[in-house]
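Enquirer:
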Amino acid sequence: MELEGKIKLIEETKSFGSNGFQKRVFVLVTDHDKDYPQHIQLEFHKDKCQLLDKFKVGQEVRVGININGREWTDPKGNVKHFNSIVAWFMKDLKDDNNSTASKQKEEVADDLPF
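So the sequence shown is residues -9 to 104, counted in our numbering.
1. Could you check what DSSP says for D64 in three-state terms: helix, strand or coil?
2. Using the rule of at least 16 other Cβ atoms within 10 Å of the residue's Cβ for burial, across every protein chain shown, is K69 buried or exposed?
3. I'd like to check one pair, L42 with F16: are the Cβ atoms closer than 9 angstroms?
4. Run the CB neighbour count on M(-9), radius 10 Å, all protein chains shown included, and call it buried at 16 or more, exposed below.
5. Any chance you could list the beta strand (DSSP E) runs of at least 3 consecutive residues sitting entirely within the segment 17 to 44, in chain order?
6. How many angstroms separate the CA atom of H31 from the CA atom of T20?
7. When we look at the beta-carbon of G59 and count the other beta-carbons within 10 Å, is it buried (16 or more) or exposed?
8. Do you know whose CA, among L18, K84, Q28, S8, lies nearest V47's CA?
9. Leaving out the 5 sequence neighbours to the left and right, which residues in its chain are closer than 8 angstroms to P27 when beta-carbon positions are compared?
10. Buried or exposed for I57, going by 16 or more other Cβ atoms inside 10 Å?
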């Protein structure tokens, strides 16, 4: 699944637990509904955290995501469920649009009979 939007916030990478699990949170604002923009918190894990280094707040991007869910039982025996949206790639939309335009121009040129 993919999302498109503008980066609103990029946090620093944080480490958790004794094994040093790394997570980096960012917020993407989608505007597919102009009246109700969505502020979606996403996260990169482990070695993917560094992918955010080449992006900045305000940049329009396309993000590949997976939705993960897990179950946890507290000490009293109550079961709780948590979801997280984990990103696995990110692309600058400006670069993506330029490469699409170039491909379209090439395809038109290839169709000419002479």
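C-beta: ideal position from N, C-alpha, C; glycine also.
Expert: Reading off the structure:
1. coil
2. In the sequence on display, residue 69 carries Val and not Lys. So V69 ends up on the exposed side.
3. yes
4. Exposed, by the Cβ-count rule.
5. 28 to 35
6. In the sequence as presented, His is not what sits at residue 31; that position holds Gln. So the two alpha carbons sit approximately 11 angstroms from each other.
7. exposed
8. L18
9. V19, T20, D21
10. exposed
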